[in-house]
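*Asks:*
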Amino acid sequence: MSSDVDQREVEFISLMLQKSVGEMHAEVCDQCGKCSSACPVSKEIEGFNPRQLIARVALGKMDELLADEAIWTCTTCLKCRERCPEEISPYDVILVLRNLAYRAGLNYPGGYDDFINGILERGFISEPQEVRARGGGKLSRGALGLPGVKGPKDMGVFRGIVEKIIEAGKGN
Amino acid sequence: MSEEPRIGVFVCHCGINIGGYVDVPEVVKYSMTLPDVVYAEPNLYTCSSDGLQKIKEAIENHRLNRVVVASCTPRTHEPLFQGACEEAGLNKYIFEMANIRDQCSWVHMHEPEKATQKAKDLVRMAVAKARLLTPEEEPEIDIHPTGLVIGGGVSGMTAALSLMNQGFKVHLVEKEDKLGGALNELGTLFPTNVKASEVLKPLINGVEESPDIVVHLNSTVKEVKGFIGNFEAEIESKEGSELFEVGTVIVATGADYLDPVGLFGYSEVQGVVTQLELEQKMKEGSLGDVKSVVMVQCAGSRIEERPYCSRICCTEAMKNASLLKEEDSDRDIYVLYRDLQTYGIEYTEMEWDAKRKGVKLVKYDKARPPVVTEGERGPVVKVWASLLNEELTIKPDLVVLSAPLVPNPDNKTLSQLLKVPLNRDGFFMEAHVKLRPVDFATDGIFVCGTAHSPKEVAESISQAKGAASRAGIPMAKGRLKTAAITSVVDEDKCCGCGTCIEMCAYNAITKNERGLAQVTAAVCKGCGVCGASCPERAITMRHFTDEELEAQGLAAIKEA
Amino acid sequence: MKYALYLGCTVQSDQYGFEASVRETLPKLGVELVDMDDVSCCGFPALSSVSVTGWHYLSARNLAIAEKMGLDVLPLCNGCHLSFIETIHALEADPGLKEIVNRNLEKEGLHYEGTAKVVHLIEVLHDVVGVEGISEKVKTRLEGVKLAAHPGCHAIRPSDLQKVDDAENPQKLDTLIKALGAETFDYPEKIDCCGSQLAVSSGRSTLKIAGEKLQAVQSYGFDGLVTTCPFCFKMYDGRQRAIKGAIGDRSLEVPVFYYTQILGLALGSSPEKLGLQMNQSPVDGVVNKILGDDE
Amino acid sequence: MGKPVLVIGGGVAGIQAALDLADRGLKVHLVEKSPSIGGVMAQLDKTFPTMDCSICILAPKMIECFRHPNITIHTLSKVTGVSGGPGDFKVKVLKEPRSVDASKCTGCGVCSEKCPTKVKDEWQEGLTERKAIHIMFPQAVPLIACIDRDNCLYFQKGICQVCSKVCQAGAIDYEQKAEEIDLDVSSIIVATGFQEYDPSELGEYGYSRFEDVITAKEFERLVCASGPTGGHLNRPSDGKLAHRVAFVQCVGSRSHQKGYPFCSSVCCMYATKEAVLIKEHEPASDVTIFYMDLKVFGQGFQEFVDRAQSHWGVKYIRGRPGEIRRNPVTKDLTVWYENTDTGEVAEKEVDLVVLCTTMISRPENKELADVLGLELDEWGFFEPLDPVMNPIETDKPGIFICGCCHGPRDIPESVAEASGTAACAAETARRYGQ
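Protein chains in written order, with our numbering: chain V, 1 to 172; chain L, 1001 to 1560; chain G, 2001 to 2295; chain W, 3001 to 3434.
Next up, the structure:
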């Protein structure tokens, strides 16, 4: 943890995540299955089931859940959030679980590190590429007459702040 | 009737409903050719005030003593035409109707000639029967303005108080030494968590203070004879038995809780109790240090030997689970259920309340019920949580079984005594499941509360008032006109076999002192089952005599 | 009609066809676009999954820049759109979070108040420019072309924060397609997810999810698929060949377009100006049909 | 004989209350807002578990009301003012004009046949059309025609008058005015019933977008012999016989998000009955009920469900479908669901989907509650004095409630309660010296 992190911020962020867990309202879930029935991932990947995930939260099986790779296999289509009759939103519960898992240093897909590094290095997860044309050859932004990409003016300050917040989330 | 039949036939056009397809003038002309028909006329609408006036005029002008209307359905219109006959001084049972609309013009719209022919056939049949019709009487009986209520629980007391407030005397019979029934055992009642004793207090006070309600404690009903308005009930207590005359009877004998011996470790594993026992512990404050509880629903219900759902247990469990959480929010409470029977607004609210307090609901399968065994320190519950697709093992301090309500063991005796039926489960069975929920098929006897089926207090109270309304109706009138269309036994033909007694759904037939069938006209509904089943053809129905039906039948197949 | 144009990582890194066609068409409809300086990633889905606060910081930061410009912001990406509206909602609901965000923004010379609104491309075209505003400018009507609308998840869900279109029965993109003279009709997969967010954890499933939809679109007789989301486009267009392989359907051929590309064709722009040379799916047939070059 | 009793609402509950009171010798005013008494029960096809034809068992009671010397039926009427208290309520009833002279009309139906204006038939749940002058249904009580002025050419454009020309009874009366009646009653029974939730807001189920997604009440008309298809299960879109049918439970109920949070009490059982009806029509049909908790709490319910399963082969799947889709080519519907008991996520193709919609309160309850000085609960239902001890009394002495006006319940419970309120009214009549 960087030394200049405001302790208040750490506490606040950790409190916010705890609050989010409480706000999941998983305990009021009727286990109706409306979320899972239209979930594109449930259809495709065995073991991913937003309904069962909520049931586990309701039964207090958090440790088991945070270590479960399934929480990283959500397409964020938001159908579950849109339709949950009890307004529980498995999508939002999954986001909180992912945050908690990351905080706890548990397994998460490696791609996320690339994203984060990209943001910290240049402000964006990716750099402009040369794009293949259908008929052959490669085209750059410049070649197409598109303006150059400008990231944060002061990358140092930007990086410091973002890193601090991510680290603070990871804290204690 | 000694005088010669003089029949008038009125054929209705019903606008174009009949007239558009049936040649009405032709039917009128044809009617005049039928035996004993002295008058016939067409009407635009026989049922209009103009049409009814014409019937009355014709009765007078042509000295008619039988009337046939060929129009629509007797279901809606027969009483109207009968009324016209009565106003003209005739007995209403000399009236006969032919339905040439619903059963003729409407179904033969595309074949008017055949429709006309069929209308003639129907009129011919009606006339054939009308020739033989005789006037009938509707005798009246007196109704004794006293009710008998069997059962002194919340239903029985509510019914008794309502009858009293309607102005009747009541005999209230309770087998125990105090009033209150099942509510004496309970702690609080959902959905308001009112104390059961608070519910009982005003009822018991009301019943005990009323001079019009005679309470018979430690008593049972030994015998009930007679029929609506004129029952004679024998009430037996330690002091002996006494006879009372009552007009109506309300059965409110309640139900029992199943003793779930052998189910889910009950009486085998330490720390397994019933929901009722939990309530008593909570009421007495003797629950002790209980940190975790597992409730098991359907403990003895919705299974092959007891297929019905006991209706109240899920909400009761939600109530008790919430109360346990309120006492100590750290308590871990599981409810293992099959289908949660919390319904309607208030009971669904009980469910949310429990969930929001953190009560954990786990669904189990009928095919894989929870198993409760003795652990090192208390019971161990293993349950296949089908919604999670995994087995959970819980080690609670207490297992609470939601055992169903079961029929009162006295139901059998009482049902034989009152000659009212029980259903397959052993609860009392009403006359019609939808429209006569508190009546028995037998007039003058009613049912309410858990004697009928498991139900909660509010529903028992509504039903008890419903039964009191139904029982109050004949008593308020004081006299009752009984049906004219009843069965008549020809004692010369009756062999005393008793088939009719067996078949009668209304207990209208008994054996007389000579062992022959005897019809209590006041109770008979005129359904005809006895007549149809009598091997000696000793029973006929008034207004539907064999001769009348035979004549009508023969007329159907042969031209006059 | 003037908006701060927010490209987002995906569009500015490789979805040049989208960017080019937006820059080509919107001004023709009277919409002025102003490029944003100093912006960064919106935080979705990279940071939302690991640091909710970091995510809201990035989104708020971009919104603060639009605020400074005094303009409402038009993000080109559905993910960025969702990100922004979620952040607006989160900061409004939680003043403590807003305070932390602003304390840090100060260090970058920025401040978030919440005055800049977020608009979606579909809203700009359908609700602001309007169908009439579009159809009166159409030079080449796309007669006889049947195109399936695919607005993308985050354009229609969630409906409780800022509703772009009906979540279960979106019609605006359909209306926009019809405004160009093309045909379209409802099909059940319209509101389905492209599956691209699954690529991080399960590549194969991603392809299957996307493949099912493309197959359906083809089976209903559509000539192509139209979207406004770069994630969905990358999936359906860029990875169509991989999808064919993954689901073993060699007959799968669905031309995929950004809406602004077909809009541009209708408005008379050349395919090159609309970046159509970079579409990887077989779009030539449809383009030629539209331009009347049936050689 | 003392003062009469006012019964508001002419459905099965109001009818039962009125008959109980009239039979014991009290006069009753039965106020009904539509042109006929009968209520929702008259619209149902059959009733479980006996599978009695609903109208066949209700019609005799309706006619009994009509013929009863102690009952006055006020149709097209509503209560607009109430003052006084138990034993002496002064009531104002507003009677809308029928535009047909009730003393002359014989209910022959010629006017409807000749009327040129067709509008959606509400009684048939909009599945077919009726005329601007119409008799609500063949068993209507009173069996009298009624002009729907909003749709009548004469009232809207001053032309036509065909009904008046063809009515041989001379019953048409365009000049009829609304009239206000004053009643003096000892007590009031509220039995205004319920209405069906409109599932249009649940876009994922496609009701109002897909013609073959219908509500349970629409299904009752569709499967009824006196319904628009003569009881054949021709689906609305193309008339194809529906052999594969899915029932979706908890539509508009058990949801804090859309609709209502409570369980509607009756849907599991009516869906089971409707499923059995399909099987009775065509035993080879494929019928599935998607449910959350099977509410079998009433007498004989579990047994009825058991029989639906074992004898009729009705399938029950625990899971609330997430989406209903329609193939744009075949028009067939697909139900997306999870069998939550097994965790299997799947799709089922069907011809027809029946949404088992919840019972909700009538919007006009608010106005009536204001007139009566009563409170409504959060959901617009009338509130009892005490949910345990006084379930059919209200906090206004002399005013009682029964049936679905105070929450969803089934027919037997409504009927028993209706009798219960009759007892309360009889007690009131006696207490106030009548």
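Think of the CB as a built atom: it goes at the ideal place given N, C-alpha and C, for glycine as much as any other residue.
(1) Return no unless some Cβ of chain W is closer than 9 Å to the Cβ of G:Asp2174.
(2) With W:Lys3003 as the anchor, note down where its alpha helix (DSSP H) starts and where it stops.
(3) Give me the residue from V:Arg134, V:Ile45 and V:Ile54 with the minimum Cα distance to V:Glu86.
(4) Does V:Ala26 come within less than 9 Å of chain G when only Cβ atoms are used?
(5) What in chain V is Cβ-close to W:Tyr3337, meaning under 8 Å?
(6) Are there three or more Cβ pairs, one per stretch, closer than 8 Å when the stretch 2163–2180 of chain G is compared with the stretch 3297–3316 of chain W?
(7) Please list, in chain order, the chain G residues whose beta carbon lies closer than 9 Å to that of W:Val3213.
(8) Cβ of V:Glu159 less than 9 Å from any chain L Cβ?
(9) Express the C-alpha separation of W:His3406 and W:Phe3290 in angstroms, rounding to a whole number.
(10) 9 Å is my cut-off, CB to CB: does W:Thr3075 come that close to chain L?
(11) Counting contacts by CB-CB distance shorter than 9 Å, is W:Gln3302 in contact with chain L?
(12) Which partner residues of L:Tyr1334 appear in the DSSP bridge assignment?
(13) Between which two residues does the alpha helix (DSSP H) carrying W:Asp3020 extend?
(14) Assuming W:Trp3336 is part of the beta strand (DSSP E), what are its boundary residues?
(15) With 8 Å as the limit, tell me which residues of the stretch 1040–1060 of chain L have their beta carbon closer than that to any beta carbon of chain W; keep them in chain order.
(16) Helix, strand or coil: how does DSSP classify W:Phe3194 here?
(17) Note down, in chain order, each residue of its chain lying with its Cβ closer than 6 Å to the Cβ of G:Val2118, except the 5 sequence neighbours on either side.
(18) What is the DSSP secondary structure of V:Phe124, reduced to helix, strand or coil?
(19) For the alpha helix (DSSP H) that G:Tyr2259 lies in, which residues bound it at each end?
(20) Once DSSP output is grouped into helix, strand and coil, what is the label at L:Gly1181?
(21) Starting from the Cα of W:Thr3128, find the closest Cα among W:Ser3237, W:Ile3392 and W:Ile3411 and give me that residue.
(22) Rounded to the nearest angstrom, what separates G:Leu2252 and G:Glu2019 at their Cα positions?
(23) Going by other Cβ atoms of all chains shown within 10 Å of its Cβ, with 16 needed for buried, is V:Asp68 buried or exposed?
(24) Give me the Cα-Cα distance between V:Leu59 and L:Glu1391, rounded to the nearest whole angstrom.
(25) Is there a Cβ of chain V sitting closer than 9 Å to that of G:Glu2295, yes or no?
(26) Please compile the residues from chain V whose C-beta is within a distance smaller than 8 Å of the C-beta of G:Val2217.
(27) Just how far apart, CA to CA, sit W:Thr3117 and L:Met1097?
(28) If distances are taken between C-alpha atoms only, which option among L:Leu1132, L:Ile1094 and L:Lys1360 comes closest to L:Arg1331?
(29) Give me the DSSP bridge partner(s) of L:Gln1518.
(30) From L:Leu1034 to L:Val1022, what does the alpha carbon distance come to, in whole angstroms?
(31) Just to make sure I have the definition right: I need the residues of chain W whose C-beta is within less than 8 Å of the C-beta of V:Glu86. Which are they?
(32) Please list, in chain order, the chain V residues whose beta carbon lies closer than 8 Å to that of G:Arg2157.
(33) Going along chain V, which residues have a C-beta under 7 Å from G:Cys2045?
(34) At least one CB of chain L closer than 9 Å to the CB of W:Gln2991: is that the case?
(35) Using the C-alpha atoms, what's the distance from L:Asp1036 back to L:Ala1467?
(36) Applying the criterion that 16 or more other CB atoms from any shown protein chain within 10 Å of the CB defines a buried residue, is V:Ile119 buried or exposed?
*Replies:* In this structure, then:
(1) Counted from its first residue, the third sequence places residue 2174 of chain G at position 174. Judged by the 9 Å Cβ criterion, G:Asp2174 is not in contact with chain W.
(2) Position 3 of the fourth sequence, counting from 1, holds the residue named residue 3003 of chain W. Here W:Lys3003 belongs to no alpha helix (DSSP H), and DSSP marks it neither H nor E.
(3) As a first step, residue 86 of chain V must be located in the first sequence, where it is residue number 86. Nearest neighbour of V:Glu86 by Cα position, chosen from V:Arg134, V:Ile45 and V:Ile54, turns out to be V:Ile54.
(4) As a position in the first sequence, residue 26 of chain V is number 26, starting the count at 1. It does not: the Cβ of V:Ala26 has no partner Cβ on chain G nearer than 9 Å.
(5) Here residue 3337 of chain W refers to the residue found at position 337 when the fourth sequence is read from its first residue. Neighbours of W:Tyr3337 on chain V, chain order: Gly33 and Ser37.
(6) In the pairwise beta carbon analysis, the stretch 2163–2180 of chain G is classified as not touching the stretch 3297–3316 of chain W: fewer than three pairs are separated by under 8 Å.
(7) Here residue 3213 of chain W corresponds to residue number 213 of the fourth sequence, with the count starting at 1. Against chain G, the beta carbon of W:Val3213 has no neighbour under 9 Å; the closest one sits roughly 12 Å away.
(8) Residue numbering aside, residue 159 of chain V sits at position 159 when the first sequence is read from its first letter. Per the sequence presented here, residue 159 of chain V reads as Arg, with Glu not at that position. By this cut-off, V:Arg159 is not an interface position.
(9) What you label residue 3290 of chain W is simply residue 290 of the fourth sequence in a count that begins at 1. What you label residue 3406 of chain W is simply residue 406 of the fourth sequence in a count that begins at 1. Taking the straight line from one Cα to the other gives about 27 Å.
(10) Translated into the one-based positions of the fourth sequence, residue 3075 of chain W becomes position 75. So, not an interface residue.
(11) Here residue 3302 of chain W refers to the residue found at position 302 of the fourth sequence. Chain L, which has a Cβ nearer than 9 Å to the Cβ of W:Gln3302, makes this yes.
(12) Along the second sequence, one-based indexing puts residue 1334 of chain L at 334. For L:Tyr1334, which the question treats as bridged, DSSP gives the partners L:Val1294 and L:Lys1360.
(13) For the purposes of this step, residue 3020 of chain W is taken as residue 20 along the fourth sequence, with counting starting at 1. From DSSP, the alpha helix (DSSP H) with W:Asp3020 extends over Val3012 to Asp3023.
(14) Here residue 3336 of chain W corresponds to residue number 336 of the fourth sequence, with the count starting at 1. Taken as a continuous stretch (DSSP letters only), the beta strand (DSSP E) holding W:Trp3336 covers Leu3333 to Asn3339.
(15) The residues in question are Leu1044, Tyr1045, Cys1047, Ser1048 and Ser1049.
(16) Within the fourth sequence, numbered from 1, the residue matching residue 3194 of chain W stands at position 194. The answer is coil: DSSP assigns W:Phe3194 none of H, G, I, E or B.
(17) As a working note, residue 2118 of chain G is residue 118 in the third sequence. The answer, listed in chain order, is Val2073, Phe2084 and Ile2085.
(18) Position 124 of the first sequence, counting from 1, holds the residue named residue 124 of chain V. In the structure shown, V:Phe124 sits in coil (DSSP, three-state: anything other than H, G, I, E or B).
(19) Position 259 of the third sequence holds residue 2259 of chain G. Counting along the chain, the alpha helix (DSSP H) containing G:Tyr2259 begins and ends at Tyr2259 to Leu2267.
(20) Within the second sequence, numbered from 1, the residue matching residue 1181 of chain L stands at position 181. In this structure, L:Gly1181 counts as helix in the three-state DSSP scheme.
(21) For the purposes of this step, residue 3128 of chain W is taken as residue 128 along the fourth sequence, with counting starting at 1. Of the listed residues, the one whose Cα sits closest to W:Thr3128 is W:Ser3237.
(22) The residue given as residue 2252 of chain G occupies position 252 in the third sequence. The residue given as residue 2019 of chain G occupies position 19 in the third sequence. Going from the Cα of G:Leu2252 to the Cα of G:Glu2019 covers about 27 Å.
(23) Sequence index remark: in the first sequence, residue 68 of chain V carries index 68 (1-based). It counts as buried.
(24) As a working mapping, residue 59 of chain V is identified with position 59 in the first sequence. As a working mapping, residue 1391 of chain L is identified with position 391 in the second sequence. C-alpha separation (whole angstroms): 13 Å.
(25) Sequence index remark: in the third sequence, residue 2295 of chain G carries index 295 (1-based). Caution applies to G:Glu2295, whose pLDDT of 44 falls short of 50 and renders its modelled position unreliable; the value that the coordinates give is listed next. Chain V, which has no Cβ nearer than 9 Å to the Cβ of G:Glu2295, makes this no.
(26) Within the third sequence, the letter at position 217 stands for residue 2217 of chain G. Those within 8 Å of G:Val2217 in chain V number zero; the least Cβ separation is about 16 Å.
(27) Here residue 3117 of chain W is taken as the residue at index 117 of the fourth sequence, counted from 1. Here residue 1097 of chain L is taken as the residue at index 97 of the second sequence, counted from 1. Cα to Cα, W:Thr3117 sits roughly 36 Å from L:Met1097.
(28) Counting from one through the second sequence, the residue named residue 1331 of chain L turns up at place 331. Closest in alpha carbon position to L:Arg1331, among L:Leu1132, L:Ile1094 and L:Lys1360, is L:Lys1360.
(29) By one-based count along the second sequence, residue 1518 of chain L stands at place 518. For L:Gln1518, which the question treats as bridged, DSSP gives the partners L:Thr1510.
(30) Within the second sequence, numbered from 1, the residue matching residue 1034 of chain L stands at position 34. Within the second sequence, numbered from 1, the residue matching residue 1022 of chain L stands at position 22. In a straight line, the C-alpha of L:Leu1034 is about 19 Å away from that of L:Val1022.
(31) By 1-based counting over the first sequence, the position of residue 86 of chain V is 86. Under the 8 Å cutoff, chain W gives Ser3255, His3256 and Gln3257.
(32) Reading the third sequence from its first residue, position 157 is the one you call residue 2157 of chain G. Under the 8 Å cutoff, chain V gives Cys77, Leu78, Lys79, Arg81 and Glu82.
(33) Translated into the one-based positions of the third sequence, residue 2045 of chain G becomes position 45. Here residue 2045 of chain G is Pro; the residue named in the question, Cys, does not match the sequence. Simply Thr76.
(34) Absent from the model: residue 2991 of chain W. The displayed extent of chain W is 3001 to 3434, so no value can be given.
(35) Position 467 of the second sequence holds residue 1467 of chain L. Position 36 of the second sequence holds residue 1036 of chain L. Between the alpha carbons of L:Ala1467 and L:Asp1036 lies a distance of about 50 Å.
(36) By one-based count along the first sequence, residue 119 of chain V stands at place 119. Buried, since its Cβ has 16 or more Cβ neighbours within 10 Å.
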